[in-house]
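In our numbering, the protein residues as written are 5 to 220. Each residue gets a CB set at the ideal place from its N, CA and C atoms; glycine is no exception. In what follows, a structure is listed as structure tokens, so that the remarks can point back to it.
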Ligand code: SAM
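And the structure:
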């Protein structure tokens, strides 16, 4: 999710041993592979070519090759491409082996201090205002902490909608740029979050996970 050191020994060993690495963005993956001195061919597999690329992977697996799948941030298939590939590979009779590793939601939960609360990983809310507000309204009664992924250019409007549409006594943890140089993790009452973000001139930069505590 941003720190090249956050990779497991098993993932490194696997990446070294495969014949091909399928990745969301080959330049991104190269950066990671080069950093760890791994020289393996890559193949682009993203949301626009996933079915076709999955077909190629299945062909390679049929030839007895081993293939790894990585995404740009964290774990493939979690708010990222990968699920359709995994389903197709398994349906073709090949084994899919998970390599647990970084995940932005789990990293945020681990630093949120909301112990004993169950949580729902919502991922990205709809970009359109009406659909986003409807989605938040539907989530309001759910008896769990809510975990959102959000892009920097939309974080303010999302936080305003969360503060307006959810019970204002709920708390929010804003986790920004986790594992990177400007990491910032702040917990506050939900109603204070729009003002807190607004005073930060840099709030349109960086990656955000928003965790909202469960309703009381
Ligand atoms: N597959 C990834 C995972 O396992 O967490 C999620 C990919 S999703 C397309 C990318 C989103 O994750 C970003 O928009 C942001 O909301 C969140 N994210 C990724 N890296 C982050 C970081 N270092 N700090 C905060 N949020 C991050």
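Query, Result
"Do residue 216 and residue 169 have their C-beta atoms within less than 8 Å of each other?", "no"
"Taking the alpha-carbon of residue 11 as reference, which of 117, 106, 45 has the nearest alpha-carbon?", "106"
"Please work out which residues of its chain come closer than 7 Å, Cβ to Cβ, to residue 86, disregarding the five sequence neighbours upstream and downstream, and give them in chain order.", "73, 75, 80"
"By the three-class DSSP mapping on this structure, what secondary structure does residue 28 have?", "coil"
"What number of angstroms, rounded off, separates the C-alpha of residue 99 from the C-alpha of residue 93?", "7 Å"
"Is the separation between the beta-carbon of residue 42 and that of residue 20 shorter than 8 Å?", "yes"
"Do residue 129 and residue 140 have their C-beta atoms closer together than 8 Å?", "yes"
"What do you get for residue 63, buried or exposed, if any count of 16 or more other CB atoms within 10 angstroms of its CB means buried?", "exposed"
"If you draw a straight line from the alpha carbon of residue 113 to that of residue 71, how long is it in whole angstroms?", "31 Å"
"Below 8 Å, can you find three or more Cβ-Cβ pairs linking the region 157-165 to the region 185-192?", "no"
"Hey, residue 182 and residue 108 are a contact pair by Cβ (cut 8 Å); roughly how many whole angstroms apart?", "7 Å"
"Assuming contact is defined by CB atoms lying nearer than 8 Å, are residue 143 and residue 163 in contact in what I supplied?", "no"
"In angstroms, rounded to a whole number, what distance separates the CA positions of residue 134 and residue 167?", "16 Å"
"Thinking just about the alpha-carbon of each residue, which of 25, 122, 37 is nearest to the one in residue 48?", "25"
"Going by the CB atoms, is the gap between residue 46 and residue 34 shorter than 8 Å?", "yes"
"Looking only at its chain, what residues have a beta carbon closer than 7 Å to the beta carbon of residue 32, apart from the 5 residues adjacent to it on each side?", "76"
"What is the rounded straight-line gap between the Cα of residue 28 and the Cα of residue 179?", "24 Å"
"Taking the beta carbon of residue 154 as the centre, do at least 16 other beta carbons fall within 10 Å, making it buried, or is it exposed?", "buried"
"Out of curiosity, what's the CA-to-CA distance linking residue 119 and residue 145?", "20 Å"
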